[in-house]
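Visitor:
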Amino acid sequence: MNPTYAEKEGIDYAATTVQLPGGERVPFLFTVKDLVAKGNGDTFKPGFQMGGDFSVPSYRTGLFLDPKGRGGTTGYDMAVALPGLQSGEEGDDELFKENNKTFDVTTGRIEMEVNKVNKEESEIGGVFVATQLGDTDMGSKVPKKVLTKGIFYARVE
């Protein structure tokens, strides 16, 4: 039997922003939503590896309004301060993605390796590497690929 980790409930994300060299900021949801990680052995021991895919919800929900008052489910459907730019049939082409907000859900992936086991307390710890896409500003920008590395801890039931 291969041990499996399944994320089921609770706060499964953290709104996070990283700053790249040069100052550009990249917002993303650090998450493992709906993760089902499958292992490569039958018991937790140093060297045990597991991984899987997870869902990455949009950084902003439909209720978020941008500085021009546009949102996915609320707000204006055009940039109120730019009506001259949006007149005519082709007038909206340049701002189409800014005006038509979307709630994007993408897929991330995580790989974990156990390096400490405490059988008496039913605890494991180790390292992880995860990849996922950053914020799309509700569909108006191309997302950056985010690579995170860190340490994890878990209590096994």
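Letter by letter, the sequence shown follows residues 1 to 157 of UniProt numbering.
All residues carry an ideal CB built from backbone N, CA and C; glycine is no exception.
Cβ of residue 5 less than 8 angstroms from any chain B Cβ?
Guide: Absent from the structure is chain B; it holds one protein chain and no more.
Visitor: I'd like to confirm the pairing. Which residues does DSSP put opposite residue 110 in its beta bridges?
Guide: Numbered from its first residue, the sequence shown carries residue 110 at position 110. DSSP lists 52 and 130 as partners of residue 110.
Visitor: Candidates 106, 18 and 152: which alpha carbon is nearest residue 127's?
Guide: Taking the first residue of the sequence shown as position 1, residue 127 is located at position 127. Looking at the Cα atoms, 152 is the closest of the given residues.
Visitor: Quick one: what does DSSP say residue 60 is sitting in, helix, strand or coil?
Guide: Within the sequence shown, the letter at position 60 stands for residue 60. Residue 60: coil per DSSP, three-state reduction.
Visitor: Report yes or no: do three or more beta-carbon pairs, one from the stretch 34 to 46 and one from the stretch 1 to 16, lie closer than 8 angstroms?
Guide: Contact holds: three or more Cβ-Cβ distances are below 8 angstroms.
Visitor: Going by Cα to Cα distance, which pick from 43, 137, 110 and 30 is closest to residue 123?
Guide: Residue mapping note: residue 123 aligns to position 123 of the sequence shown, counting from 1. The residue with the shortest Cα to Cα distance from residue 123 is 43.
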